[in-house]
Ligand code: PTJ
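Residue numbers (the working numbering): 3 to 251.
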């Protein structure tokens with residue numbers, strides 16, 4: 003899905019590439035009807051951030067990586083937008099943690115599940131990675147959630163102790179935190195319910211955040227958990243960076 007007509011030297015190439023990936027994923031039937039709206043909201047926040055990874059986002063990435071590395075049963079959750087925008091990097095991270103990747107979507111239909119799973123399995127083959135991809139046969143439910151969005155795998159999300167849920171819905175984030183898990187959210191909107199409720203929130207664009215984590219793991223190996231990590235202070239710093247983008251516009 004990486005073929006795009008725009009020139010890589012275009013100043014907004016990264017943003018154009020992400021839009022193209024969403025278009026291609028929509029054609030494959032992977033996306034929810036509101037996927038583009040969710041992406042547009044993210045883009046607006048990213049514009050104010052200057053489309054760069056801030057110092058506070060890097061601190062959050064370090065803590066997220068340390069927590070996921072230390073977890074006994076980590077799992078990475080993937081929805082339609084995440085599969086479209088950053089499938090390869092999610093597979094690389096799952097390979098790094100030797101953990102499963104589970105497709106868990108908000109607007110669940112059998113057709114979308116099939117489209118997302120088949121795309122991830124295609125990319126897994128191309129990358130030659132031995133990652134367990136779950137989501138096809140849910141055998142458990144997330145307590146406190148109603149309807150199809152609660153469906154999950156016992157050996158994946160249900161029994162995990164730490165979970166990466168990029169672009170997560172607020173209710174599900176709250177339910178996962180209530181289960182006692184370490185919940186890592188990636189969300190450009192520091193004011194979202196998910197961003198506030200998570201254990202660690204990385205206020206950054208999805209693919210940049212994943213690349214930061216992969217680079218840190220490659221250069222520094224195993225990271226140490228910062229016991230004094232202050233989720234709310236880091237979130238506040240993210241908001242301040244965005245507000246300063248607004249003031250300087
Ligand atoms: O595939 P499904 O059915 O699970 O649906 C996925 C979406 C994303 C459509 C669904 O979860 C949804 O409606 O999400 P929300 O409630 O709109 O929240 C998405 C959040 O992600 C918003 O706060 C956006 O600011 C943020 N966001 C969007 N794109 C990015 C992002 N954050 C980081 N990187 C992005 N590329």
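Cβ atoms here follow ideal geometry from the backbone N, Cα and C, with glycine treated the same way.
Would the beta-carbon of residue i be found less than 7 Å away from any heavy atom of the ligand PTJ?
| i | result |
| --- | --- |
| residue 188 | yes |
| residue 49 | no |
| residue 44 | yes |
| residue 109 | yes |
| residue 36 | yes |
| residue 157 | no |
| residue 207 | yes |
| residue 194 | yes |
| residue 8 | no |
| residue 138 | no |
| residue 216 | no |
| residue 169 | yes |
Closest by CA to residue i, which one among the options?
| i | options | result |
| --- | --- | --- |
| residue 253 | 30, 65, 33 | Outside the displayed range of the chain (3 to 251) lies residue 253, so it cannot be described from this structure. |
| residue 147 | 108, 122, 184 | 108 |
| residue 238 | 229, 209, 198 | 198 |
| residue 186 | 50, 49, 110, 61 | 61 |
| residue 139 | 149, 145, 119 | 119 |
| residue 178 | 192, 191, 10, 153 | 153 |
| residue 96 | 14, 43, 164, 145 | 164 |
| residue 93 | 200, 127, 173 | 127 |
| residue 45 | 225, 220, 210 | 210 |
If we call anything under 8 Å between Cβ atoms a contact, is residue i one with residue j?
| i | j | result |
| --- | --- | --- |
| residue 101 | residue 78 | yes |
| residue 41 | residue 104 | no |
| residue 217 | residue 203 | no |
| residue 121 | residue 88 | no |
| residue 247 | residue 52 | yes |
| residue 90 | residue 125 | yes |
Check the C-beta distance from residue i over to residue j and give it rounded, since I have them as a contact under 8 Å.
| i | j | result |
| --- | --- | --- |
| residue 67 | residue 76 | The Cβ separation is near 11 Å, so there is no contact. |
| residue 82 | residue 114 | 6 Å |
| residue 58 | residue 243 | 7 Å |
With a threshold of 7 Å (Cβ to nearest heavy atom), would residue i be considered close to the ligand MG?
| i | result |
| --- | --- |
| residue 82 | Looking at this structure, you won't find the ligand MG anywhere; what it does contain is the ligand PTJ. |
Margin query: Threshold first: 3 residues or longer. Then list the beta strand (DSSP E) segments lying entirely within the segment 52-103, N to C.
Written below: 76-80
Next item on the list: Scan the segment 181-242 and note each continuous beta strand (DSSP E) run of 3 residues or more that stays entirely inside, going in chain order.
Entry: 184-188, 202-204
Check: Which parts of the segment 113-175 are runs of the beta strand (DSSP E), unbroken and 3 residues or longer, counting only runs that do not cross its ends?
Finding: 164-166
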